[in-house]
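Participant: Handing you a structure now.
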Amino acid sequence: MTAAVNPKKLIKGGLHDWEVVIGMEIHAQVTSRSKLFSGAATEFGGEPNDHVSLVDAAMPGMLPVINEECVAQAVRTGLGLKAQINHRSVFDRKNYFYPDLPQGYQISQFKDPIVGEGTVLVDLPDGETITVGVERLHLEQDAGKSLHDQNPTQSFVDLNRSGVALMEIVSRPDLRSSEEARAYVTKLRTILRYLGTCDGDMEKGSLRADVNVSVRLPGDPLGTRCEIKNVNSIRFIGQAIEVEARRQIAIIEDGGTISQETRLFDPGKGETRSMRSKEEAHDYRYFPDPDLLPLEFDQAYVDRLAEGLPELPDAKKARFIEAYGLSPYDAGVLIAERSSADYFEAVAKGRDGKAAANWVINELFGRLNKEGKGIETSPVSADQLGAVVDLIGEGVISGKIAKDLFEIVWTEGGDPRALVESRGMKQVTDTGAIETAIDAIIAKNPDKVQQAKEKPTLLGWFVGQTMKATGGKANPAAVNALLKAKLGIE
Amino acid sequence: MTTLNELTLADARDGLKAKDFSATDLAKAHLAAMEKARGLNAYILETPERALAMAEVADTKIAAGAARPLEGIPLGIKDLFCTHGVATTAGSKILEGFQPHYESAVTHNLWRDGAVMLGKLNLDEFAMGSSNETSAYGDTISPWRRNGSDTKLVPGGSSGGSAAAVAAHLCLGATATDTGGSIRQPAAFTGTVGIKPTYGRCSRWGTVAYASSLDQAGPIARTVRDCAILLGSMAGQDARDTTCADLPVPDFEAAVSRGVKGLTIGIPKEYRVEGLSAEVQALWDRGAEMLKDAGATVREISLPHTPYALPAYYIVAPAEASSNLARYDGVRYGLRVPGKDIAGMYENTRAAGFGREVKRRIMIGTYVLSAGYYDAYYVRAQKIRTLIKRDFEEAYASGIDAILTPATPSAAFGLGEKGSGDPVEMYLQDVFTITVNMAGLPGLSVPAGLDAQGLPLGLQLIGRPFDEETLFAAAQVIETAAGRTKLPAAWWA
Amino acid sequence: MSVDATTVRRIAHLARIAVSEDEVAPLQGELNAILAFVEQLGAVDVTGIEPMTSVTPMAMKKRTDTVTEGGHADDIVFNAPETEDHYFLVPKVVE
Ligand SMILES: [Mg+2]
Ligand SMILES: [Zn+2]
Numbered sequence: 001m002t003a004a005v006n007p008k009k010l011i012k013g014g015l016h017d018w019e020v021v022i023g024m025e026i027h028a029q030v031t032s033r034s035k036l037f038s039g040a041a042t043e044f045g046g047e048p049n050d051h052v053s054l055v056d057a058a059m060p061g062m063l064p065v066i067n068e069e070c071v072a073q074a075v076r077t078g079l080g081l082k083a084q085i086n087h088r089s090v091f092d093r094k095n096y097f098y099p100d101l102p103q104g105y106q107i108s109q110f111k112d113p114i115v116g117e118g119t120v121l122v123d124l125p126d127g128e129t130i131t132v133g134v135e136r137l138h139l140e141q142d143a144g145k146s147l148h149d150q151n152p153t154q155s156f157v158d159l160n161r162s163g164v165a166l167m168e169i170v171s172r173p174d175l176r177s178s179e180e181a182r183a184y185v186t187k188l189r190t191i192l193r194y195l196g197t198c199d200g201d202m203e204k205g206s207l208r209a210d211v212n213v214s215v216r217l218p219g220d221p222l223g224t225r226c227e228i229k230n231v232n233s234i235r236f237i238g239q240a241i242e243v244e245a246r247r248q249i250a251i252i253e254d255g256g257t258i259s260q261e262t263r264l265f266d267p268g269k270g271e272t273r274s275m276r277s278k279e280e281a282h283d284y285r286y287f288p289d290p291d292l293l294p295l296e297f298d299q300a301y302v303d304r305l306a307e308g309l310p311e312l313p314d315a316k317k318a319r320f321i322e323a324y325g326l327s328p329y330d331a332g333v334l335i336a337e338r339s340s341a342d343y344f345e346a347v348a349k350g351r352d353g354k355a356a357a358n359w360v361i362n363e364l365f366g367r368l369n370k371e372g373k374g375i376e377t378s379p380v381s382a383d384q385l386g387a388v389v390d391l392i393g394e395g396v397i398s399g400k401i402a403k404d405l406f407e408i409v410w411t412e413g414g415d416p417r418a419l420v421e422s423r424g425m426k427q428v429t430d431t432g433a434i435e436t437a438i439d440a441i442i443a444k445n446p447d448k449v450q451q452a453k454e455k456p457t458l459l460g461w462f463v464g465q466t467m468k469a470t471g472g473k474a475n476p477a478a479v480n481a482l483l484k485a486k487l488g489i490e
Numbered sequence: 001m002t003t004l005n006e007l008t009l010a011d012a013r014d015g016l017k018a019k020d021f022s023a024t025d026l027a028k029a030h031l032a033a034m035e036k037a038r039g040l041n042a043y044i045l046e047t048p049e050r051a052l053a054m055a056e057v058a059d060t061k062i063a064a065g066a067a068r069p070l071e072g073i074p075l076g077i078k079d080l081f082c083t084h085g086v087a088t089t090a091g092s093k094i095l096e097g098f099q100p101h102y103e104s105a106v107t108h109n110l111w112r113d114g115a116v117m118l119g120k121l122n123l124d125e126f127a128m129g130s131s132n133e134t135s136a137y138g139d140t141i142s143p144w145r146r147n148g149s150d151t152k153l154v155p156g157g158s159s160g161g162s163a164a165a166v167a168a169h170l171c172l173g174a175t176a177t178d179t180g181g182s183i184r185q186p187a188a189f190t191g192t193v194g195i196k197p198t199y200g201r202c203s204r205w206g207t208v209a210y211a212s213s214l215d216q217a218g219p220i221a222r223t224v225r226d227c228a229i230l231l232g233s234m235a236g237q238d239a240r241d242t243t244c245a246d247l248p249v250p251d252f253e254a255a256v257s258r259g260v261k262g263l264t265i266g267i268p269k270e271y272r273v274e275g276l277s278a279e280v281q282a283l284w285d286r287g288a289e290m291l292k293d294a295g296a297t298v299r300e301i302s303l304p305h306t307p308y309a310l311p312a313y314y315i316v317a318p319a320e321a322s323s324n325l326a327r328y329d330g331v332r333y334g335l336r337v338p339g340k341d342i343a344g345m346y347e348n349t350r351a352a353g354f355g356r357e358v359k360r361r362i363m364i365g366t367y368v369l370s371a372g373y374y375d376a377y378y379v380r381a382q383k384i385r386t387l388i389k390r391d392f393e394e395a396y397a398s399g400i401d402a403i404l405t406p407a408t409p410s411a412a413f414g415l416g417e418k419g420s421g422d423p424v425e426m427y428l429q430d431v432f433t434i435t436v437n438m439a440g441l442p443g444l445s446v447p448a449g450l451d452a453q454g455l456p457l458g459l460q461l462i463g464r465p466f467d468e469e470t471l472f473a474a475a476q477v478i479e480t481a482a483g484r485t486k487l488p489a490a491w492w493a
Numbered sequence: 001m002s003v004d005a006t007t008v009r010r011i012a013h014l015a016r017i018a019v020s021e022d023e024v025a026p027l028q029g030e031l032n033a034i035l036a037f038v039e040q041l042g043a044v045d046v047t048g049i050e051p052m053t054s055v056t057p058m059a060m061k062k063r064t065d066t067v068t069e070g071g072h073a074d075d076i077v078f079n080a081p082e083t084e085d086h087y088f089l090v091p092k093v094v095e
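Residue numbers (the working numbering), protein chains in the order written: chain A, 1 to 490; chain B, 1 to 493; chain C, 1 to 95.
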């Protein structure tokens with residue numbers, strides 16, 4: 001069962017090399033207009049207690065009614081995770097007292113979740129692909145928000161988030177490094193965004209991770225785990241795992257034992273600390289919510305949702321490799337966001353895929369990153385970039401000129417083909433004109449001509465001179481061929 | 001001469017339509033009677049201004065020939081139904097001062113049909129009780145007395161205020177709720193008619209929850225016909241309650257005169273419990289005779305899991321209640337008692353706000369759901385519920401149309417007589433009614449005679465799911481044959 | 001099964017109900033009376049029986065995904081014992 005331990009992933013302690021074992025519970029906010037069991041808006045922000053219905057505030061006699069779109073979103077997500085869809089699931093109450101939990105219980109799914117086992121394929125930067133098991137996905141209510149800094153003696157409670165639908169996606173403890181964990185969350189986020197079931201906006205709390213971390217000596221059974229609650233950025237997930245693993249290793253190597261507990265990651269201090277408040281009375285008294293009936297649907301319902309799904313990241317990546325001849329790495333970069341993949345496909349359509357990928361990844365993404373822009377607000381459209389690629393392919397401009405042209409299109413806009421014409425950027429392919437330039441250079445540098453016969457690498461110097469003389473517009477292939485002939489280089 | 005508040009609801013409706021009197025006259029007659037009967041403590045809150053304003057609207061509608069089905073009919077509302085802008089307490093101190101900004105589905109339906117609100121009726125705290133003695137607003141006293149005695153009797157519970165008010169002519173009818181017998185037992189104790197309709201017939205939206213899978217609203221009134229009229233307005237589909245049935249509301253009033261010819265009535269032998277008094281047994285036999293005389297066939301049946309309904313109820317209902325009542329935490333409404341921290345605030349608020357019985361049930365419910373006990377208690381009880389329901393399904397599948405049983409093991413008892421030492425003594429009050437809630441069936445209690453001490457006794461009719469019509473038809477046969485019980489002189493006025 | 005005084009205190013805390021020392025013994029007695037009463041359920045053979053999840057056989061009704069509520073913060077906090085700027089106020093919670 002246990003995969004071979006990769007020594008590169010082990011953490012060096014004072015005495016031993018340790019394996020870290022990570023499992024994650026991701027809370028992903030379902031994309032929907034209204035809440036899971038009420039008609040109040042899910043919109044982020046808002047005045048305090050403005051997006052709150054009588055149900056969300058748990059007024060006496062209020063009853064939950066499920067939002068059909070949230071059910072559909074959970075099924076779509078299950079399909080995207082290649083998971084088992086359960087045609088019958090049950091909503092349970094998880095009972096505990098907390099000021100941001102107005103009902104005194106969270107409606108969740110405990111015994112019978114809507115989605116069962118699935119898998120996520122995760123590509124690591126070094127090219128390795130790991131399979132992470134998904135144990136389950138269930139629907140549940142988000143809690144409200146308590147503000148603790150407004151007043152020295154009181155907390156302020158806002159229920160705007162109370163009752164917003166969450167999907168809790170529970171992974172198996174299949175992750176073995178902080179890097180794997182970060183890659184897993186990144187991939188899961190990509191899948192959710194493709195599906196349109198969660199916007200993945202971690203800054204707004206749309207995606208939060210509870211990270212279970214334990215350490216062991218390779219080959220040993222699982223160690224005692226600690227759960228780090230509510231980590232809200234991919235970078236912090238990595239940091240939290242690193243510091244927590246090192247904390248546990250230090251304790252064990254010191255002869256201590258790990259006690260199972262809930263901890264909080266403090267990014268400022270770079271440490272995790274125990275959340276004692278959540279520790280007491282860990283008895284949630286789950287039971288089926290008697291206000292709700294079991295959630296049941298048939299295979300036809302699932303099939304209809306499956307038909308409406310977009311092409312998913314793994315399938316798209318495979319197709320890009322196959323259809324456009326891309327490297328797995330380039331394909332992986334392009335599919336990370338659906339919008340970049342769409343952009344690439346618009347550029348690549350009817351053109352050389354590799355060239356299109358090159359331009360999108362190196363020039364466009366590079367430039368976008370530099371300016372902190374997203375692909376949706378790119379000043380260069382897919383049509384414009386396509387025209388640039390065409391002009392190179394047709395030999396109208398050289399790659400170097402193309403970069404100048406790209407720069408003009410980026411800053412000034414306009415039709416690349418017309419720009420090449422009006423700004424005289426066309427490549428010179430007339431061998432007569434090139435020959436004249438070469439002859440002049442040869443005449444001026446007889447010593448270099450002599451040296452080139454023994455040292456063919458000097459050809460590059462002649463190419464450069466020729467390009468300079470022609471204002472960079474000479475066709476490089478023609479220049480090369482003519483120079484070789486005239487210098488007598490093989 | 002019958003005063004206006006002593007009319008049946010159906011007669012009052014006809015009188016209003018015929019303009020024999022006005023809705024304002026009718027409301028005033030009730031308000032005057034309520035004032036005199038404050039010693040019964042049936043109302044927690046009287047709403048005379050609202051009553052007169054609503055009556056005035058009703059008079060306008062009647063004058064315009066636009067009367068709605070319940071136009072001008074004055075009703076009492078169990079204080080478990082949230083009423084917009086009118087304090088709603090659930091009989092608990094924890095909801096002191098709570099003023100809902102919404103109207104329960106059931107009361108909304110009544111106002112939609114033109115009814116007039118007289119006030120909010122007393123009840124056992126959070127509907128937990130069988131004698132109205134757990135109310136934070138004092139005991140309700142039954143208008144009934146034993147022959148030659150002035151011992152104060154309980155009206156039953158939890159809808160004790162509803163039953164007492166209807167019996168004492170302090171409203172023409174009342175809303176009530178029934179989780180384990182809370183409509184049928186007080187109806188039986190006060191010589192009134194009460195029906196707990198099929199689970200899902202009335203919306204639970206806006207009614208303070210006790211045990212969600214068992215709670216159901218229904219009316220208490222003085223006649224079978226009045227009950228049918230009221231249920232017709234209270235019932236109906238509601239998209240806001242997932243457990244409310246998407247079924248049209250039948251013409252219940254039309255069913256009242258259907259008769260029982262050709263029907264088969266089941267007599268479950270398991271209800272012949274040990275210690276059943278000869279008086280109740282005789283009443284039960286008499287009821288069967290009445291139905292037989294009217295053309296029904298009577299047949300003994302078996303509902304083998306009956307003895308387990310009551311203990312299973314005392315797991316399921318407290319479990320649900322422990323969770324339903326978690327929202328009373330001093331944060332958003334009602335009572336707040338400070339504490340040293342947030343947990344202290346919760347604990348002090350709930351200790352001061354809940355009464356003994358409610359605390360007891362919350363604790364039992366918390367216990368049976370807690371880690372290690374859930375399967376042994378809650379899951380087992382829910383399995384037994386499946387068996388109880390199956391018993392009924394098999395009886396109905398064998399051709400039974402309705403089932404006849406006693407409503408209660410005895411007539412009303414005195415205040416403080418039961419349950420002070422052992423809570424189970426009080427729980428046994430519901431032994432005949434509780435199976436019906438566990439199986440989600442309709443059940444009706446109809447007065448069938450008086451005991452040797454002159455106190456009313458009731459019989460219970462249990463029907464198929466969503467077949468309240470047969471219950472009204474059969475109950476009318478009993479009401480006609482037994483004659484309506486006569487309340488003793490108004491000693492309280 | 002029966003409960004001891006420690007369990008009574010634990011349950012009371014789980015249910016967030018303050019229980020004074022002199023309340024523990026009577027509560028223990030009452031809870032044990034109820035537990036003794038429900039003990040008889042152990043006699044029922046429930047092998048192969050599904051626990052009831054819903055008493056009426058019907059499909060669960062669902063809402064369409066539209067915003068129909070909200071914008072009534074005044075109403076939401078109207079009954080609250082302590083509020084400020086439409087927030088509910090509670091004793092400070094330490095995480
Ligand atoms: Mg979790
Ligand atoms: Zn969760």
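All C-beta atoms in this analysis are idealised placements derived from N, C-alpha and C, irrespective of residue type, glycine included. In this text, all values refer to a predicted model and were calculated from it rather than measured experimentally.
(1) Using the beta-carbon of each residue, which ones in chain B are nearer than 9 Å to Val-65(A)?
(2) So, using beta-carbon positions, are Arg-361(B) and Thr-349(B) closer together than 8 Å?
(3) DSSP three-state call for Glu-279(A): helix, strand or coil?
(4) With 8 Å as the C-beta to C-beta threshold (strictly closer), list the residues of the segment 59–70 of chain C near chain A in chain order.
(5) Where Gly-275(B) and Pro-74(B) are concerned, what is the direct C-alpha to C-alpha distance, given to the nearest angstrom?
(6) Using a Cβ-Cβ cut-off of 6 Å (strictly less than) and excluding sequence neighbours within five positions of Val-368(B), which residues of its own chain qualify?
(7) Beta carbons nearer than 9 Å to chain A: which residues of the segment 66–94 of chain B have them?
(8) Cβ atoms of Ile-434(B) and His-200(B): under 8 Å apart, would you say?
(9) For Ala-489(B), name the three-state secondary structure that DSSP assigns.
(10) Exposed or buried, what is Asp-383(A) when buried is set at 16 or more other beta-carbons lying within 10 Å of its beta-carbon?
(11) I'd like to know if the segment 434–445 of chain A and the segment 403–410 of chain A are in contact, where contact means that at least 3 CB-CB pairs between them fall below 8 Å.
(12) Report all residues from its chain with a CB closer than 6 Å to the CB of Thr-405(B); omit the five preceding and five following residues, and keep chain order.
(13) Might you give, ordered along the chain, the residues of its own chain that have their beta carbon closer than 7 Å to the beta carbon of Val-333(A), omitting 5 neighbours on each side?
(14) Which of helix, strand or coil does DSSP assign to Ser-155(A)?
(15) Buried or exposed: where does Lys-340(B) fall if 16 or more other Cβ atoms within 10 Å of its Cβ makes it buried?
(16) What did DSSP end up calling Val-243(A) once you bin it into helix, strand or coil?
(17) State the Cα-Cα distance for the pair Glu-279(A) and Gly-133(A), rounded to the nearest angstrom.
(18) Where does the unbroken beta strand (DSSP E) through Ala-165(A) begin, and where does it stop?
(19) Give, in chain order, every unbroken run of the alpha helix (DSSP H) that is at least 4 residues long and sits entirely within the segment 19–66 of chain B.
(20) Can you check whether the CB of Ile-220(B) is closer than 8 Å to the CB of Gly-287(B)?
(21) Note down, in chain order, all residues in the segment 342–356 of chain B with a beta-carbon under 9 Å from any beta-carbon belonging to chain C.
(22) Compile a chain-ordered list of the residues in the segment 381–403 of chain B whose CB is closer than 8 Å to at least one CB of chain C.
(23) I need the straight-line Cα distance from Pro-57(C) to Gly-463(B), nearest angstrom please.
Facilitator: Let me spell this out:
(1) Going along chain B in sequence order, the residues near Val-65(A) (Cβ under 9 Å) are Ala-239, Arg-240, Asp-241, Thr-242.
(2) In this structure, Thr-349(B) does not lie closer than 8 Å to Arg-361(B) by Cβ.
(3) Legend: pLDDT at Glu-279(A) = 48, less than 50; position of this residue unreliable, no value from coordinates given.
(4) Flagged, chain order: Ala-59, Met-60, Lys-61, Lys-62, Arg-63, Thr-64, Asp-65, Thr-66, Val-67, Thr-68, Glu-69, Gly-70.
(5) Whole-angstrom Cα-Cα distance: 41 Å.
(6) For Val-368(B), where only same-chain residues beyond five positions count, the Cβ hits under 6 Å are Ile-315, Ala-319, Tyr-377, Tyr-378.
(7) So the close ones are Leu-80, Phe-81, Cys-82, Thr-88, Ala-90.
(8) Correcting the residue identity first, residue 200(B) is Gly in this sequence and not His. Not a contact, by the Cβ cut-off of 8 Å.
(9) Coil at Ala-489(B), not helix or strand.
(10) Burial call: exposed.
(11) Contact fails: fewer than three Cβ-Cβ distances are below 8 Å.
(12) Excluding positions up to five away in sequence, the list reads Tyr-271, Phe-432, Gln-460.
(13) Counting only residues of its own chain and dropping the five nearest sequence neighbours on each side, Val-333(A) has a CB closer than 7 Å to the CB of Ile-361.
(14) Of the three classes helix, strand and coil, the one that applies to Ser-155(A) here is strand, per DSSP.
(15) Result: exposed.
(16) In this structure, DSSP gives Val-243(A) a helical state, which the three-state scheme calls helix.
(17) Any reading at Glu-279(A) is ruled out, since the residue's pLDDT is 48, under 50, leaving its predicted position unreliable.
(18) Taken as a continuous stretch (DSSP letters only), the beta strand (DSSP E) holding Ala-165(A) covers 165–171.
(19) Listed in chain order, they are 23–36, 48–63.
(20) No.
(21) Cβ contacts with chain C: Ile-342, Ala-343, Gly-344, Met-345, Tyr-346, Glu-347, Asn-348, Thr-349, Arg-350, Ala-351, Ala-352, Phe-354, Arg-356.
(22) Correct list: Ala-381, Gln-382, Lys-383, Ile-384, Arg-385, Thr-386, Leu-387, Lys-389.
(23) Taking the straight line joining both Cα atoms gives about 17 Å.
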